[in-house]
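Chains V and U supply the protein sequences, listed in that same order.
In this text, residue positions in the first sequence follow the numbering used here: the first is 2, and each later residue adds one.
In this text, residue positions in the second sequence follow the numbering used here: the first is 2, and each later residue adds one.
Number of protein chains: 2
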Amino acid sequence: MYGFNNRVLRINLTINDIKVEELDEKVYREHLGGRGLALYFLLRELKPQTDPLGPENKLIFAIGVTTGIPLAGFSRYSVVAKSPLTNGFGEAEAGGFWGPELKFAGFDIIIVEGASSKPVYLWVHDNDAEIRDASHIWGKTTKEAQEAIRKDVGDPLVRVASIGHAGENLVRFACILNELKFANGRSGLGAVMGSKNLKAIAVRGHKRVECKDPEKIKGLAKWFGQNWRKHPPALSRNTYGTAGAVLPMNADGILPTRNFREGTFEEVERISGEEMKNTIVINSEGCFACPIRCKRTVKGLEPYATDPSYGGPEYETIAAFGSLCAVNDISAVALANQLCNAYGLDTISTGCVIAFAMDCYENEVLTKDETDGLELRFGNTNAMVKLVEMIAKREGLGDILAEGVKRASEKIGKGAERYALHVKGKEIPMHEPRGKTGLALQYALSPSGADHLQSAHDPSFENSIEEIKPLGILETVNRLSLGPEKVRLFKYLHLWWSLLDCVCACKFVFVPHPVGVFKINHLVEIVNAVTGWDTSLLELMMTAERSLNLARIFNLREGFTKADDWLPERFFEPLRSGPKEGAKISKDDLKKAIELFYEMMKWDGKTGTPKSAKLHELGLLQ
Amino acid sequence: MYGFNNRVLRINLTINDIKVEELDEKVYREHLGGRGLALYFLLRELKPQTDPLGPENKLIFAIGVTTGIPLAGFSRYSVVAKSPLTNGFGEAEAGGFWGPELKFAGFDIIIVEGASSKPVYLWVHDNDAEIRDASHIWGKTTKEAQEAIRKDVGDPLVRVASIGHAGENLVRFACILNELKFANGRSGLGAVMGSKNLKAIAVRGHKRVECKDPEKIKGLAKWFGQNWRKHPPALSRNTYGTAGAVLPMNADGILPTRNFREGTFEEVERISGEEMKNTIVINSEGCFACPIRCKRTVKGLEPYATDPSYGGPEYETIAAFGSLCAVNDISAVALANQLCNAYGLDTISTGCVIAFAMDCYENEVLTKDETDGLELRFGNTNAMVKLVEMIAKREGLGDILAEGVKRASEKIGKGAERYALHVKGKEIPMHEPRGKTGLALQYALSPSGADHLQSAHDPSFENSIEEIKPLGILETVNRLSLGPEKVRLFKYLHLWWSLLDCVCACKFVFVPHPVGVFKINHLVEIVNAVTGWDTSLLELMMTAERSLNLARIFNLREGFTKADDWLPERFFEPLRSGPKEGAKISKDDLKKAIELFYEMMKWDGKTGTPKSAKLHELGLLQ
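Laid out in structure tokens, this is it:
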């Protein structure tokens with residue numbers, strides 16, 4: 002079989018067992034990897050109502066059929082488990098080098114079961130795996146852990162995915178970092194790893210991906226190298242990183258500000274990508290085989306000096322610690338980012354819980370007695386930075402916030418729920434649904450809770466109608482509509498982006514993202530060149546649909562209902578400032594749109610349950 | 002725009018009006034041509050409950066986006082109208098040269114409206130069209146009409162599609178023939194043409210199809226030329242024509258015999274493709290740009306001498322006039338075929354009504370008094386040939402049979418319905434559903450009534466599982482199953498074959514037909530090379546789905562219900578002989594399968610009505 006190693010690594014930490022399993026090629030072809038393949042295992046192996054932080058939960062690392070080919074965008078991998086944040090399907094993807102390295106090491110999937118009685122790490126190398134003691138790195142930062150592991154195994158090129166204090170302390174939005182800066186950020190999977198006493202997975206391999214048609218891949222790599230600069234958004238990412246989006250989003254009135262009260266930030270110039278480039282950026286970095294190099298390396302200025310090893314803040318991070326908290330210091334944002342990467346915290350959820358606490362404080366739901374003396378007003382830079390540390394270490398208010406806004410607001414009471422913005426328990430990313438309604442559908446309907454990478458963003462779609470025609474959408478759709486034509490657009494783009502999560506491809510290199518260089522049909526060519534299959538966009542999209550149905554079934558089994566596919570109240574209230582001032586989501590429109598989406602997915606309109614005809618159609622039910 | 006001329010020719014025969022209209026490229030892309038584009042017009046322009054033989058019916062000739070490119074399989078066109086046989090969606094496709102010629106003449110679609118007060122023919126040539134007097138050819142055979150028209154316009158290369166006596170006499174299964182042998186056979190569209198006093202449409206053009214990437218098309222033509230001989234079924238078609246199927250079908254126990262009582266014919270050797278080749282075949286012919294040349298030219302032997310101009314019988318024709326009527330003389334079959342082509346009768350329906358009459362006669366439902374003295378037993382060769390002529394001219398019993406088995410059995414009464422095998426009023430083609438259950442679904446669910454070209458036939462599918470994987474089907478399905486896996490297979494193959502009817506491609510050159518040379522993904526390449534679009538199999542299959550939904554809506558509007566999606570009783574009874582003796586369709590299985598198909602199509606499970614979510618999803622409803 003091309004593309005995959007056909008080796009599944011199954012580790013049971015309770016009994017120190019290591020197994021290698023094979024799969025039928027049909028299973029690989031039906032699920033492709035990443036989200037899809039992980040769900041295949043998760044749904045059949047996890048008992049309903051499993052405690053996400055108990056040993057019965059399983060943590061699955063999965064790469065895709067195309068991961069590790071020498072082509073921009075194929076560096077990624079998914080981590081999947083039952084989420085301690087949502088209590089449902091939890092997933093997070095990351096780029097970097099770890100995913101390709103796992104494939105080079107001879108495996109496609111790692112399934113971690115049970116829990117170790119003492120801290121361990123996993124050392125996976127060239128078709129082999131060992132469970133190793135991690136006592137010496139427990140309680141250490143990701144950087145300390147990485148350095149120690151590289152020293153242990155005597156290889157400085159080992160790729161290490163590890164948790165920090167947050168994962169160890171079961172912070173419900175703890176993440177997993179590889180190379181200190183590429184994060185499987187969302188869903189609290191770092192806490193699942195911590196609950197298993199698993200500090201890190203280190204991988205090293207010397208195989209390369211065997212492709213059916215390597216010349217085709219080489220040709221596409223050459224084409225990409227020659228063409229990506231022709232795409233202005235790709236050039237912008239190369240110049241400013243994702244931070245280049247800060248000013249345009251603000252100008253558009255959709256830069257989340259002060260816990261989503263507003264869509265513009267009056268001091269945006271001080272946290273922009275341009276400001277960052279002019280002050281603290283010292284280098285750029287990228288993922289395996291990608292020339293765009295959209296990651297920044299920064300060196301923050303005193304009093305917020307930072308260590309360049311931890312990379313620099315992305316757009317999401319800048320908005321979460323910047324405008325969302327009304328913080329105007331890019332170095333402070335960089336430091337918060339560093340702390341998140343060192344302690345293993347998701348920057349989006351962390352920024353959100355802090356903004357939530359500030360909102361509570363300003364509305365007198367939290368008092369100074371309850372904030373460990375912090376004057377938690379929007380714009381309090383020191384408090385923002387301090388809270389990151391307190392959350393990771395579960396100190397004082399940080400211990401409450403470490404539960405995420407949903408649980409924290411329930412603990413705080415006094416109407417704090419009003420300021421807790423989340424979907425299914427997951428905090429909201431830095432995209433304002435009132436200014437691009439596709440996000441409203443995406444947040445409400447993403448199987449892992451509020452997520453901004455489950456469908457294209459409306460403005461970028463408006464610029465790329467030609468490029469989504471292979472999906473059968475031939476006309477642009479108003480970005481503020483929630484009508485049937487938007488639901489249709491959303492459905493196909495949701496499937497398309499889910500497909501990218503199954504093959505584990507980067508959403509920045511593919512259309513209809515504004516950085517899209519590869520077109521939709523390139524993916525079909527690439528999968529065929531790798532595997533030797535004669536697949537089609539039709540078949541690949543069915544794979545994506547399988548993953549969405551399996552995720553849906555998983556969530557229903559865990560007790561989710563239609564009521565969980567909804568938005569926080571704030572988005573039904575008007576935006577308070579900027580070009581989109583007054584914009585709000587109509588509850589009635591949203592309800593109709595969600596029900597229409599269910600129908601389009603062949604899910605029951607009242608409960609969202611996949612109909613058996615759909616499962617038969619996808620070959621999921623015999 | 003590439004591929005199409007963007008010229009719709011609209012002819013109103015009542016007021017002698019000729020118009021040329023343009024379409025938005027989006028309409029072309031959403032419907033592609035043929036069945037799809039014709040339905041786009043038919044559904045929006047035809048009033049519900051229109052009399053199919055009245056002037057309000059519209060007769061639409063449509064070619065597809067790829068028609069006329071210099072590549073095997075792209076010679077075809079569809080004729081569509083409300084059918085006088087089914088009273089619902091009526092369509093028939095034909096190959097040959099007429100379709101390409103229409104494109105070369107500068108048009109994509111001809112919509113014929115109204116009815117002329119006197120016989121006319123239409124002369125379409127190089128971006129121009131004229132309505133001409135046809136008094137001199139009314140009452141003439143297709144050959145006489147063709148010769149007269151060629152003489153009239155002074156061009157021996159004019160392609161003529163015309164009706165014969167049957168169409169003039171409103172025989173409900175009258176067909177339209179081009180070049181005397183390529184038939185738009187089914188649905189009685191020749192009668193619609195006759196009802197409009199339109200004898201023929203003659204076309205001639207000197208343009209060629211403008212393709213975005215002509216080199217690609219040339220390359221594929223070369224590839225096809227080099228590869229088609231490697232496919233044994235294609236070679237067989239080249240050697241024996243479709244008649245090569247007679248012996249294998251008989252050996253398999255699925256050769257319709259004696260009005261579907263049996264699946265084997267004891268004298269099959271005398272009507273086989275081999276027998277035909279050894280006795281009466283004098284040449285082979287083919288369609289535009291196709292090297293396979295699967296059509297035969299025959300010269301029947303006395304007392305059934307034939308004129309080679311009318312071609313030779315296909316598999317369907319041989320079975321319909323041969324085994325179905327228990328006739329064992331290949332020359333007699335060839336003569337029946339010639340009469341059908343001269344008088345413009347569908348050979349399948351004609352054979353079926355004769356077998357029906359024989360079955361009635363043998364069961365004493367018809368007596369010699371009612372058969373004009375014919376001893377209408379199975380195997381009476383002379384009576385079979387005689388009846389063809391009587392039907393075309395509506396003489397004696399022929400006048401009753403000219404109404405089709407459904408209406409004829411109602412007129413005859415006395416339980417004749419038991420011998421009248423049809424779905425939606427259309428007679429059953431020469432494929433035994435009890436031996437390949439995909440046919441049961443195809444017959445029951447085809448929007449134009451019993452049709453054998455709406456989905457692949459199970460045995461051929463079994464041989465080509467690799468080739469249908471682009472449709473997402475990765476495993477073979479038992480040919481006798483009616484379970485969910487068969488419904489899924491049927492759904493995707495039904496869509497795929499409907500797609501071929503939208504682009505107007507030949508079902509013999511594409512997989513999963515056993516003659517398939519082009520693979521499924523070739524079609525995507527070909528459409529892209531012609532149009533310059535960046536389409537996908539996903540988008541193309543949506544087009545097919547649009548056509549099936551529009552056809553469904555058309556039929557529902559005309560009063561069809563779920564009860565019309567069903568099979569004649571005989572198929573629920575055991576086959577009486579041969580290797581499949583005892584095989585029967587289970588009513589319960591069929592009902593479940595049909596309801597599951599509805600659900601898979603997002604049609605209401607109880608009524609078969611397309612749900613609005615499906616129409617929104619396809620962009621058919623805003």
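Glycine is no exception: its CB is placed at the ideal position from the N, C-alpha and C atoms.
Here the structure is a predicted model, which means the values were calculated and not measured.
{"Query": "Is isoleucine 474 of chain U close to chain V? Criterion is C-beta to C-beta, closer than 9 Å.", "Result": "yes"}
{"Query": "Under 8 Å Cβ-Cβ, which residues of chain U neighbour valine 518 of chain V?", "Result": "Near valine 518 of chain V there are no residues of chain U at all, since even the closest Cβ is about 14 Å away, more than 8 Å."}
{"Query": "According to DSSP, is aspartate 153 of chain V part of a helix, a strand, or is it coil?", "Result": "helix"}
{"Query": "Taking 9 Å as the CB-CB limit, is isoleucine 521 of chain U close to chain V?", "Result": "yes"}
{"Query": "Going by DSSP in three states, tyrosine 78 of chain V sits in which element: helix, strand or coil?", "Result": "strand"}
{"Query": "Please classify cysteine 376 of chain U as buried or exposed, where buried requires at least 16 neighbouring CB atoms within 10 angstroms.", "Result": "Rather than cysteine, the amino acid found at residue 376 of chain U in this sequence is glutamate. Exposed, because fewer than 16 other Cβ atoms sit within 10 Å of the Cβ of glutamate 376 of chain U."}
{"Query": "Flag histidine 617 of chain U as yes if its beta-carbon sits less than 9 Å from any beta-carbon of chain V, otherwise no.", "Result": "yes"}
{"Query": "Taking Cβ positions only, does arginine 489 of chain U come closer than 9 Å to chain V?", "Result": "yes"}
{"Query": "Would you mind telling me which residues of chain V sit closer than 9 Å to glutamate 600 of chain U, beta carbon to beta carbon, in chain order?", "Result": "Lys603, Lys612, Ser613, Ala614, Lys615, His617, Glu618"}
{"Query": "Can you tell me which residues form a DSSP beta bridge with alanine 162 of chain U?", "Result": "U:Asn179, U:Ile202"}
{"Query": "Cα separation between threonine 67 of chain U and alanine 506 of chain U?", "Result": "8 Å"}
{"Query": "In the DSSP assignment, the beta strand (DSSP E) including aspartate 18 of chain V goes from what residue to what residue?", "Result": "18-22"}
{"Query": "Is the separation between the beta-carbon of leucine 551 of chain U and that of leucine 190 of chain U shorter than 9 Å?", "Result": "no"}
{"Query": "Apart from the five residues on each side of it in sequence, which residues of its chain come closer than 7 Å, Cβ to Cβ, to asparagine 13 of chain U?", "Result": "Glu114, Gly115"}
{"Query": "Residue range of the beta strand (DSSP E) that serine 449 of chain V falls in?", "Result": "Here serine 449 of chain V belongs to no beta strand (DSSP E), and DSSP marks it neither H nor E."}
{"Query": "In chain order, what are the residue ranges of uninterrupted beta strand (DSSP E) at least 3 long that sit wholly in the stretch 490-514 of chain U?", "Result": "none"}
{"Query": "Name the chain V residues that come within less than 8 Å of threonine 536 of chain U, Cβ to Cβ?", "Result": "Lys470, Pro471"}
{"Query": "At 7 Å on the CB atoms, spell out the chain V contacts of glutamine 443 of chain U, in chain order.", "Result": "By Cβ distance, chain V contributes nothing, its closest Cβ being about 18 Å from glutamine 443 of chain U, past 7 Å."}
{"Query": "Along the alpha helix (DSSP H) that carries histidine 32 of chain U, what are the first and last residues, could you check?", "Result": "26-32"}
{"Query": "Name the chain V residues that come within less than 9 Å of arginine 30 of chain U, Cβ to Cβ?", "Result": "Lys470, Leu475"}
{"Query": "Are the C-beta of glutamate 23 of chain V and some C-beta of chain U separated by less than 9 Å?", "Result": "no"}
{"Query": "Does lysine 607 of chain U get closer than 9 Å to chain V when you measure Cβ to Cβ?", "Result": "no"}
{"Query": "What did DSSP end up calling serine 285 of chain U once you bin it into helix, strand or coil?", "Result": "strand"}
{"Query": "For a cutoff of 9 Å on Cβ pairs, would you count methionine 2 of chain U as touching chain V?", "Result": "no"}
{"Query": "Which one of V:Leu181, V:Gly345, V:Asp565 has the shortest CA to CA distance from valine 424 of chain V?", "Result": "V:Asp565"}
{"Query": "Excluding sequence positions up to five away, which residues of its chain have a Cβ less than 7 Å from the Cβ of leucine 481 of chain U?", "Result": "Thr438"}
{"Query": "Cβ of lysine 437 of chain V less than 9 Å from any chain U Cβ?", "Result": "no"}
{"Query": "Short of 7 Å in beta carbon distance, which residues of its chain neighbour lysine 612 of chain V, apart from the five on each side in sequence? Order them along the chain.", "Result": "Lys603, Trp604, Asp605"}
{"Query": "Select from V:Met431, V:Asp452, V:Cys361, V:Val389 the residue whose C-alpha is nearest the C-alpha of isoleucine 413 of chain V.", "Result": "V:Cys361"}
{"Query": "Once DSSP output is grouped into helix, strand and coil, what is the label at glycine 220 of chain U?", "Result": "helix"}
{"Query": "Please decide whether leucine 375 of chain V counts as near chain U, where near means a Cβ-Cβ distance under 9 Å.", "Result": "no"}
{"Query": "Please classify valine 366 of chain U: does DSSP put it in a helix, a strand, or coil?", "Result": "coil"}
{"Query": "When DSSP labels each residue in this structure, what does glycine 484 of chain V get in the three-state scheme?", "Result": "coil"}
{"Query": "If the cut is a Cβ gap below 8 Å, which residues of chain V does leucine 539 of chain U touch?", "Result": "Pro471, Leu472, Gly473, Ser537, Leu538, Leu539, Met542"}
{"Query": "Please report how far the alpha carbon of alanine 203 of chain U lies from the alpha carbon of isoleucine 150 of chain U, in whole angstroms.", "Result": "8 Å"}
{"Query": "Starting from isoleucine 132 of chain U and walking both ways along the beta strand (DSSP E), at which residues does that stretch end?", "Result": "129-134"}
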